[in-house]
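Asker:
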Amino acid sequence: MLTGANIVLLGGDARQLEVIRKLTELDATVLAVGFDGLSTPLDGAVHAELDGQLFEDADALILPAVGTDDDGTVTAVFSDKQLVLEEDYIARLPKHCKVYTGMAKPYLKDLCTKYGIGLVELFERDDVAIYNSIPTAEGAVMMAIQHTDITIHGSTALVLGMGRTGLTLARTLKGMGARVKIGVRRDEHFARAYEMGFEPFYIKDLAAHAGNLDLLFNTIPTMIVTAQIIAQMPSRAVIIDLASKPGGTDFRYAERRGIKALLAPGLPGIVAPKTAGRIMADCLGRLLMEDLRLGREKR
Ligand code: NAP
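Going letter by letter, the sequence shown gives residues 187 to 485 in the working numbering.
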C-alpha cells in the first residue's frame with residue numbers, strides 16, 4: 187500500500203485518470219494539478235494549484251507520458267491554464283523524491299541531474315513497452331484498414347524490426363490472415379521469425395522485398411524506408427511508420443511518388459487511453475511501493 191505517501195501529479199490526459207484511480211486505491215494522498223476543467227470527480231485525489239510549496243513534501247512527482255516539452259511546459263488537457271515545471275520546483279523536491287514520466291526530454295533530464303533527483307522513464311521499461319505494443323498493434327491495424335481498400339487477410343505485409351512492437355504487430359497481422367514478412371538484422375531474430383511462421387529477411391536486403399507488398403509497417407527508429415526503397419514499391423502500397431518522430435521513412439519522396447505514407451505516433455494514448463492509462467498505473471503502483479519502501483529503509 188502507499189499509505190502516508192504524498193504524491194504530486196502534474197498535468198496529463200485521460201491516461202492520468204487511471205493513474206489517479208490506482209494510486210488513491212493504494213491509499214496514497216494524491217495532489218492533482220491541471221484537472222480543474224474535468225467534469226467528473228477526481229476519484230479521491232485533491233485538486234491543487236501549481237505552487238512551489240506543493241513540491242516540498244512530495245514523495246513522488248508524476249508527469250504525463252511526455253514529461254515536459256523543451257521549455258518545461260507540461261501538457262494538461264483538462265485545464266486551460268498553462269503549466270510550466272520551473273527549475274525552482276525541482277530544486278524544492280526532497281532528495282528521496284523521484285520523478286516518474288513516460289519519456290523525458292533534455293529539459294527534464296537536465297534538471298533532475300542538476301538537483302540529484304531520480305528520474306524514471308516508464309516507456310523505457312521492457313514490461314511497459316511490451317504491454318504498450320498491444321494497443322500500438324491494434325492502432326496500426328486500424329490505420330491499415332482506414333487507408334486501404336483491401337482486407338488485411340490475404341494481403342502481403344512487411345514489418346520492419348522485430349523488437350517489442352514489431353513482434354506483436356507481426357503476430358497480430360498473421361492472426362488476421364496476412365502474409366507477413368519481417369525484416370531483421372540479427373541471425374537469432376531471423377531464426378525465431380522462421381520458427382514462428384513469418385517470412386524473415388535481412389534488412390540489408392529490403393530493396394529486394396519492396397517490389398511486392400501491400401502494407402509496410404516500420405518500427406525501426408532510423409531512416410530505413412529511403413527513396414531507393416520507395417522507388418521499388420508498387421503504387422498501391424501504404425506505409426505506416428510507427429517509429430518515434432521523425433520516423434524512418436522518406437515522407438517527401440513517398441509523397442512525390444504518390445505512395446501513401448503515414449507517421450503514426452502515440453497510438454496507445456489515441457486508440458486505447460484507458461488501457462494505456464492502466465498500463466502506466468499498474469507499473470507506477472508497483473514501482474512506487476518498492477521505491478518508497480526502499481526510501482523509508484534508507485532514511
Ligand atoms: P525495440 O524493442 O527496441 O525494437 C526496435 C527494433 O528495431 C529492434 O528489432 C532493432 O533491432 C531494430 N533496429 C534498430 N535500429 C536498427 C537498424 N539500424 N537497422 C536494423 N534494425 C534496427 O523498440 P520498440 O519498443 O519495438 O519500439 C520501436 C519504435 O516504435 C520506437 O521508436 C518507439 O518509440 C516506437 N513506438 C511507437 C509507438 C506508436 O504509437 N507509434 C508505440 C510504441 C513504440 P535489434 O533488436 O537487432 O537491435
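Beta carbons are placed, not taken as given, at the ideal position from N, Cα and C, and that holds for glycine.
How far does the alpha helix (DSSP H) with Gly-369 in it extend, from its first residue to its last?
Answerer: For this step, residue 369 is matched to residue 183 along the sequence shown. Counted as a single uninterrupted DSSP element, the stretch harbouring Gly-369 is not any alpha helix (DSSP H) but the beta strand (DSSP E) occupying residues 365-370.
Asker: Identify which residue in Asp-266, Ala-214 and Phe-403 has its Cα closest to the Cα of Arg-357.
Answerer: Counting from one through the sequence shown, the residue named residue 357 turns up at place 171. When each option's Cα is compared against that of Arg-357, the closest is Phe-403.
Asker: Using the three-state DSSP reduction, which class does Val-306 fall into: helix, strand or coil?
Answerer: Stepping through the sequence shown from its first residue, residue 306 is reached at position 120. Note: Val-306 maps to strand in three-state DSSP.
Asker: Taking C-alpha atoms, which residue in Leu-271, Asp-245, Lys-300 and Val-219 lies nearest to Val-263?
Answerer: For the purposes of this step, residue 263 is taken as residue 77 along the sequence shown, with counting starting at 1. Closest option to Val-263, Cα to Cα, is Val-219.
Asker: Under 8 Å, with one C-beta from each stretch per pair, do the region 299-312 and the region 439-447 reach the 3-pair mark?
Answerer: Too few Cβ pairs lie closer than 8 Å, so no.
Asker: From the DSSP output, read off the bridge partner residues of Tyr-388.
Answerer: Against the sequence shown, residue 388 aligns to sequence position 202. Val-370, per the DSSP bridge assignment.
Asker: For ligand 1, any of its heavy atoms closer than 6 Å to the Cβ of Asn-318?
Answerer: Indexing the sequence shown from 1 puts residue 318 at position 132. Correct: Asn-318 has its Cβ closer than 6 Å to ligand 1.
Asker: Report yes if the C-beta of Met-328 is less than 6 Å from at least one heavy atom of ligand 1; otherwise report no.
Answerer: Working through the sequence shown from its first residue, we reach residue 328 at position 142. No, ligand 1 has no heavy atom inside 6 Å of this Cβ.
Asker: Tell me whether the beta-carbon of Val-306 lies closer than 7 Å to the beta-carbon of Lys-291.
Answerer: Taking the first residue of the sequence shown as position 1, residue 306 is located at position 120. Taking the first residue of the sequence shown as position 1, residue 291 is located at position 105. No.
Asker: Which same chain residues end up closer than 7 Å to Gly-349 when comparing Cβ atoms and leaving out the 5 residues on each side of it in sequence?
Answerer: Working through the sequence shown from its first residue, we reach residue 349 at position 163. When the five nearest sequence neighbours on each side are left out, the beta carbons in the same chain lying within less than 7 Å of the beta carbon of Gly-349 are those of Thr-405, in order along the chain.
Asker: What does a CB cutoff of less than 6 Å around Val-345 pick up in its chain, not counting 5 residues either side in sequence?
Answerer: Taking the first residue of the sequence shown as 1, we reach residue 345 at position 159. Excluding sequence neighbours, Val-345 sits near Gly-352, Leu-355, Ala-356, Ile-368 and Phe-403.
Asker: I think Asp-213 touches Met-187, with their Cβ atoms under 8 Å apart; what is that distance to the nearest whole Å?
Answerer: In the sequence shown, counting from the first residue as 1, residue 213 sits at position 27. In the sequence shown, counting from the first residue as 1, residue 187 sits at position 1. Confirmed, Cβ separation roughly 5 Å.
Asker: So, with DSSP's three-state summary, where would you put Lys-460?
Answerer: On the sequence shown, residue 460 is found 274 positions in, with the first residue counted as 1. DSSP, reduced to helix, strand and coil, places Lys-460 within a helical segment of the structure shown.
Asker: Tell whether a beta-carbon distance below 7 Å holds between Gly-481 and His-333.
Answerer: In the sequence shown, residue 481 corresponds to position 295, counting from 1. In the sequence shown, residue 333 corresponds to position 147, counting from 1. No, they are not a contact pair.
Asker: State yes or no: is the C-beta of Thr-405 nearer than 6 Å to some heavy atom of ligand 1?
Answerer: Along the sequence shown, one-based indexing puts residue 405 at 219. Flag set: Cβ of Thr-405 near ligand 1.
Asker: Any heavy atom of ligand 1 inside 6 Å of the beta-carbon of Met-289?
Answerer: Taking the first residue of the sequence shown as position 1, residue 289 is located at position 103. No.
Asker: Hey, Leu-217 and Val-194 are a contact pair by Cβ (cut 8 Å); roughly how many whole angstroms apart?
Answerer: In the sequence shown, counting from the first residue as 1, residue 217 sits at position 31. In the sequence shown, counting from the first residue as 1, residue 194 sits at position 8. Contact check for Leu-217 and Val-194: beta-carbon distance about 5 Å, within the 8 Å limit, so the pair qualifies.
Asker: If we count the other Cβ atoms within 10 Å of its Cβ and call it buried at 16 or more, is Val-232 buried or exposed?
Answerer: If you number the sequence shown from 1, residue 232 lands on position 46. It counts as exposed.
Asker: Got a sec? Which residues, its chain only, sit under 7 Å from Ala-277 by beta carbon, not counting five neighbours each side?
Answerer: Start at 1 with the first residue of the sequence shown, and residue 277 comes out as number 91. Contacts found: Tyr-301.
Asker: Over what stretch of residues does the beta strand (DSSP E) that includes Val-219 continue unbroken?
Answerer: Here residue 219 refers to the residue found at position 33 when the sequence shown is read from its first residue. 215-219 is the extent of the beta strand (DSSP E) around Val-219.
Asker: Using only the alpha-carbon positions, how far apart do Arg-371 and Leu-279 sit?
Answerer: Stepping through the sequence shown from its first residue, residue 371 is reached at position 185. Stepping through the sequence shown from its first residue, residue 279 is reached at position 93. Approximately 44 Å between the Cα atoms of the pair.
Asker: For Gly-238 versus Asp-274, is the C-beta distance shorter than 7 Å?
Answerer: Numbered from 1 along the sequence shown, position 52 holds the residue referred to as residue 238. Numbered from 1 along the sequence shown, position 88 holds the residue referred to as residue 274. Yes, the pair counts as a contact, with Cβ atoms nearer than the cut-off.
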